[in-house]
Ligand SMILES: [Zn+2]
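In my numbering, the protein residues as written are 1046 to 1433.
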């Protein structure tokens, strides 16, 4: 819905600017690690990064700037530089960079989007991207890369997803090739079945394959098939197996699973194998936003939302999340609310029903509801309402 072509009217913009100013006046703990080595960028309501190449000596310096200017978007570099305000980019003197994973619900195929379109985010969208974020951490970053909870920082993006920042000495110095390799690994690019099934397609040879206890993609693959076998024919059919084979596999599942635990895949006889495997791998891969895909790989100059600041398309906070278990229970439409205050009246366009601050709001169809300031700001910034 927010196409960028639709400007905020002056009255609505002034309303949100005041809320931003109030928020940034009282803010604490906003500085990233090594703040003096970071580049900052700021945006207005129409452009996420309108100015960049800013640097701040310390947190006080940054807080003063935020309170004075109340920008609609605040971004910073996942990279650290000798001269973060240097320009052109090459003169900054790159010292190293975090790894940042940006998971965005717009990268996930969801049926609900047919109902509400690409501009709107519903609870299902938010839940789906949260689940992906949990899987990224629990299925990849911890077991496969060995990152500890201490090295990972999670935050809500402020709009439609989550960011996971990994900062450790091991990560800082990684070159572009290593970063590309990590992104490829989690998104399952360049992972081929022949890596796990050397005898695939060879007649008369026992089909040896990965065991569920194997590290990396092999173990994930074996486990996914075991889970699907136990769930039943419907799950197997969703992965592309026809009905007859699905019920046959399900009936023989105990025997098949026993084989899989020793790496014997002979009993998994599946017609249309290629489609099945590509479906299984696809269901395990993490979809991550293409802009940050670049950041993780070669574009170390990318700027990303500063945790704790406001997202200018929603008025929600890019809220820091303390732990993986806190992420599990995190509800952005409650916990990322930044603007406090009484109620205001807005004129809406067509707005789907949504939940915010624990209350069910809408649906609205060209109505003039009185809303809490955070809900009014949300609809205004989504460009589906104006302040009355
Ligand atoms: Zn949705």
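Even glycine gets a Cβ: it sits at the ideal position worked out from N, Cα and C.
The model shown is predicted, which means the values in this text are computed figures rather than measured ones.
Proximity of residue i and residue j at Cβ, strictly below 8 angstroms
i            : j            : result
residue 1332 : residue 1177 : yes
residue 1083 : residue 1133 : no
residue 1077 : residue 1351 : yes
residue 1390 : residue 1413 : yes
residue 1294 : residue 1233 : no
residue 1142 : residue 1124 : yes
residue 1087 : residue 1061 : no
residue 1211 : residue 1192 : yes
residue 1388 : residue 1418 : yes
residue 1153 : residue 1353 : no
residue 1202 : residue 1356 : yes
residue 1284 : residue 1241 : no
residue 1235 : residue 1189 : no
residue 1432 : residue 1108 : no
residue 1407 : residue 1399 : yes
residue 1101 : residue 1080 : yes
residue 1349 : residue 1208 : yes
Residues sharing a beta bridge with residue i, DSSP
i            : result
residue 1415 : 1390
residue 1400 : 1405
residue 1272 : Paired residue(s): none; residue 1272 is not in a bridge.
residue 1198 : 1210
residue 1035 : Only positions 1046 to 1433 of the chain appear in the structure, and residue 1035 is not among them; the question remains open.
residue 1309 : 1253
residue 1085 : 1099, 1121
residue 1362 : 1355
residue 1410 : 1395
residue 1348 : 1122
residue 1382 : 1361
Supposed contact pair residue j and residue i - C-beta distance, whole angstroms, cut 8 angstroms
i            : j            : result
residue 1325 : residue 1269 : 5 angstroms
residue 1290 : residue 1315 : 6 angstroms
residue 1122 : residue 1206 : With 8 angstroms as the limit, residue 1122 and residue 1206 do not qualify as a contact, their Cβ atoms being about 19 angstroms apart.
residue 1053 : residue 1425 : 7 angstroms
residue 1420 : residue 1403 : Residue 1420 to residue 1403, Cβ: 11 angstroms. No contact.
residue 1204 : residue 1366 : About 15 angstroms; that fails the 8 angstroms criterion.
residue 1069 : residue 1085 : With 8 angstroms as the limit, residue 1069 and residue 1085 do not qualify as a contact, their Cβ atoms being about 14 angstroms apart.
residue 1251 : residue 1309 : 7 angstroms
residue 1103 : residue 1095 : Not a contact, Cβ separation roughly 24 angstroms.
residue 1155 : residue 1169 : 6 angstroms
Point to revise | alpha helix (DSSP H) runs contained entirely in the region 1102-1186, provided each spans 4 or more residues | key: Fully contained in the region 1102-1186 are the following alpha helix (DSSP H) runs of length 4 or more, in chain order: 1104-1114, 1158-1161, 1168-1180.
**Study point:** Three or more C-beta pairs below 8 angstroms linking the region 1366-1381 and the region 1218-1227
**Key:** No, the region 1366-1381 is not in contact with the region 1218-1227.
Review point. Would you call the region 1194-1203 and the region 1158-1168 touching, i.e. three or more CB-CB distances under 8 angstroms?
Key: Judged by Cβ distances under 8 angstroms, the region 1194-1203 makes no contact with the region 1158-1168, as fewer than three pairs qualify.
Exercise for review: Assess, as a yes-or-no matter, whether the region 1110-1127 is touched by the region 1147-1159 under the definition of 3 or more beta carbon pairs within less than 8 angstroms.
Suggested key: Contact annotation: the region 1147-1159 does not touch the region 1110-1127, with fewer than three C-beta pairs closer than 8 angstroms.
Point to revise | Sufficient close CB pairs (3 or more, under 8 angstroms) joining the region 1146-1153 to the region 1171-1187 | key: Result yes; three or more Cβ-Cβ pairs closer than 8 angstroms.
Exercise for review: Please specify which runs of the alpha helix (DSSP H), each continuous and at least 4 residues long, are wholly inside the region 1219-1295, giving them in chain order.
Suggested key: Listed in chain order, the complete alpha helix (DSSP H) runs (minimum 4 residues) inside the region 1219-1295 are 1221-1232, 1261-1276, 1278-1283.
Practice item. Indicate whether the contact test is met: 3 or more Cβ pairs, each with one atom in the region 1299-1306 and one in the region 1256-1264, closer than 8 angstroms. Key: Result yes; three or more Cβ-Cβ pairs closer than 8 angstroms.
**Study point:** Three CB pairs or more closer than 8 angstroms across the region 1356-1366 and the region 1379-1387
**Key:** The region 1356-1366 is in contact with the region 1379-1387.
Check your understanding: Taking contact to mean at least 3 C-beta pairs separated by less than 8 angstroms, is the region 1267-1281 in contact with the region 1222-1238?
Key -> Verdict: no, contact absent.
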